[in-house]
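Each residue of the sequence shown is one higher than the one before, counting from -5 in our numbering. Cβ coordinates follow ideal geometry from the N, Cα and C atoms, glycine included. Since the structure comes first, as structure tokens, the remarks are kept for the end.
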Amino acid sequence: MMDFTKIWRVRKDQYFSLALRYFRLIGNSGFMLSLYILFVTGSFYYARILKQLPENFPALWLFIAIFAYLLTKSPVRTFLRKGDLVFLLPVESRMKEYFRHSIRYSMVVQSFIVVLVFVALGPLFSKYISGRGLEMLITIALLLAAKLWNIKTSWEEQRLPFHRNRRNYTFLRLVVNAVFLYLLFQMAYVFLIAVLAIMYVLSNFVFGYIKKVHGYKWEHLLEVENGMMMKLYRVANLFTDVPQLAQRVRPRTWLSSLSKVSYRHSHTFDGLYRKTFFRSNDYFGIYIRLILIGGLFLFWIPQGWWHTVLVLLFLHATGIQLLPLYKHHKGNVWFELYPVKHQWRFQAFQRWLRLLMLIQAFLYVAFLLAMGGTWTNGVVSGILAVIFVWLFTEYYTKKQLLRVR
């Protein structure tokens, strides 16, 4: 007889072993140094930023937007595998304990994230919403209760047969969560009771009916689980080769003109790397996000030499994150058949990486000047950024990538 509790625990342990192995590789990379320095810098200026915020800052709506997203997005980690469609499907009626462990695990992990975000925003909460410790504890307790409700109802949503149905119920939960959070952060506990009653009715009658009518959609559950595993693989793939990663390609025709190069043997890989950068599901998004995050840091942190340091840090983070682009097609025999020199391949990657980092540096310097920064600070930041980009692409990339064939 199958011991579903043991099966679940074995799979959880295997996942943690895999994740720890990848996180160890990430921790040994230079990217973590940039994150650590940014964390220290952000912590140092956090109090100053709070003091600069105006009295009419819409903190309430910021809290509603952040926690509505955290509450509504409540996937359940099942650790299902492809073979389960054959071996566990016949015993679906006996798998309640297995899925109960999945719900508990998801609740613990996602509750930790909710509490962590709330603690990080604690000073903002104390300044604009309530500084009383009792009300903060009540808020955390009710947020965790709402999170439990969302996880359970989200799990029942997975029984619905069509994506449109699941999307509609997710939107319904989003609306309920937004109203719940508005009343919660306004400390309107009397009206909050009515929303809790609505949540109880939805949980017991609407989602209870779904549970009775529909069974588990195994293909969909497996797709959701694979999607969550791909998130880990995509992060790890930025630092090492991940053979399990299933690459996705997006057309992005509106960027096609930027990937055009001259038709010469020496420029063969220029076009390849540009198309991979724009059409892969990883690099272009990471590049844009790092530019935006860097811009936010430059906006919030007061003027000074720290801006120059931040420009260099985000250039370093971008360079580290884009290094895996060089070996993106490693193992694909068709690209090895190109009748071009390997040296041209590396030079093409160098040119493209250098161009991307210089564009990022130009945007940062222009942003600094637009915010009223001095020309001296802008010129110094620009010169140091150009020198850093040249050193990074000329020496660091050779050290890290030339041994990769």
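Worksheet entry | Beta-carbon spacing of L138, S105 below 8 Å | yes
Worksheet item: On the three-state DSSP scale, how would you describe S124?
Response: coil
Worksheet item: What's the C-alpha gap between S11 and L378?
Response: 42 Å
Worksheet item: Which residues mark the beginning and the end of the alpha helix (DSSP H) in which S375 is found?
Response: W369 to L385
Discussion item. Using beta carbons (cut-off 8 Å, strictly below), is M223 in contact with chain C?
Written reply: This model lacks chain C altogether; it includes just one protein chain.
Item to complete: Compare the beta carbon distance of F343 and Y320 with 8 Å and say whether it is the shorter of the two.
Response: yes
Worksheet item: By Cβ distance, which residues of its chain are closer than 8 Å to L306, with the 5 residues on each side in sequence left out?
Response: L378, A379 and F382
Fill in: Nonlocal neighbours in the same chain, by C-beta distance under 7 Å from Y9, ignoring five residues either side
F73
Discussion item. At 4 residues or longer, what runs of the alpha helix (DSSP H) sit wholly inside the segment 256 to 323?
Written reply: 262 to 273, 277 to 294 and 300 to 316
Fill in: Burial state of Y122, where buried means 16 or more other Cβ atoms lie within 10 Å
buried
Fill in: Residue range of the unbroken alpha helix (DSSP H) whose run includes Y176
H157 to F179
Worksheet item: Should K393 go down as buried or exposed, given a rule of 16 or more other Cβ atoms within 10 Å for buried?
Response: exposed
Worksheet item: Between which two residues does the alpha helix (DSSP H) carrying M101 extend?
Response: K90 to A114
Worksheet item: To the nearest angstrom, how far is it from the Cα of L47 to the Cα of E86?
Response: 54 Å
Fill in: Nearest to Y389 (by Cα), restricted to the options A355, L317 and V374
L317
Discussion item. Assuming Q344 is part of the alpha helix (DSSP H), what are its boundary residues?
Written reply: H336 to A364
Practice prompt. Tell me whether L82 sits in a helix, a strand or coil according to DSSP, three-state version.
Written response: coil
Practice prompt. Alpha carbon to alpha carbon, how far is L177 from F185? Give it in angstroms, no decimals.
Written response: 7 Å
Item to complete: May I ask which residues mark the beginning and end of the alpha helix (DSSP H) holding Q152?
Response: Element bounds for Q152: n/a, residue is neither H nor E.
Discussion item. Quick check on DSSP: helix, strand or coil for T72?
Written reply: coil
Worksheet entry | C-beta atoms of S197 and K146 nearer than 8 Å | yes
Fill in: Rounded distance between the beta-carbons of M351 and T302, thought under 8 Å
Actually they are not in contact, since the Cβ atoms of T302 and M351 sit about 15 Å apart, beyond 8 Å.
Worksheet item: Once you ignore the five residues that flank Y210 on each side, which residues in its own chain have a CB closer than 7 Å to its CB?
Response: E86 and R153
Discussion item. Given this structure, state the Cα-to-Cα distance separating I43 from I295, to the nearest angstrom.
Written reply: 7 Å
Practice prompt. Using 10 angstroms around the beta-carbon of A346, count the other beta-carbons present and answer buried if the total reaches 16, otherwise exposed.
Written response: Here the sequence assigns Trp to residue 346, which means Ala is not the residue at that position. Answer is buried; the Cβ neighbour count reaches 16.
Worksheet item: Going straight from the alpha carbon of W384 to that of L349, what length do you get?
Response: 10 Å
Worksheet item: Can we say the segment 107 to 124 touches the segment 148 to 164, given the rule of at least three CB pairs closer than 8 Å?
Response: no
Practice prompt. Following the continuous alpha helix (DSSP H) through A182, name the residue where it begins and the one where it ends.
Written response: From DSSP, A182 is part of no alpha helix (DSSP H); its letter is neither H nor E.
Item to complete: Return the CA-CA distance between R94 and G125, expressed in angstroms with no decimal places.
Response: 37 Å
Fill in: Residue of V34, I58, L82 and W143 minimising C-alpha distance to D(-3)
L82
Worksheet item: Which class does M130 belong to by DSSP, given the choice of helix, strand or coil?
Response: helix
Worksheet item: Does the distance from the C-beta atom of V189 to that of V173 stay below 8 Å?
Response: yes
Worksheet item: Does the distance from the C-beta atom of S375 to that of H322 stay below 8 Å?
Response: no
Discussion item. Taking 7 Å as the cut-off, is the C-beta of L74 nearer than that to any heavy atom in the ligand GTP?
Written reply: With respect to the ligand GTP, the structure offers nothing, as it holds no ligand at all.
Worksheet entry | W406 to L362 span [Cα, whole Å] | Past the edges of the chain, shown from -5 to 399, lies residue 406, and the structure says nothing about it.
Worksheet item: Using the C-alpha atoms, what's the distance from V218 back to I204?
Response: 19 Å
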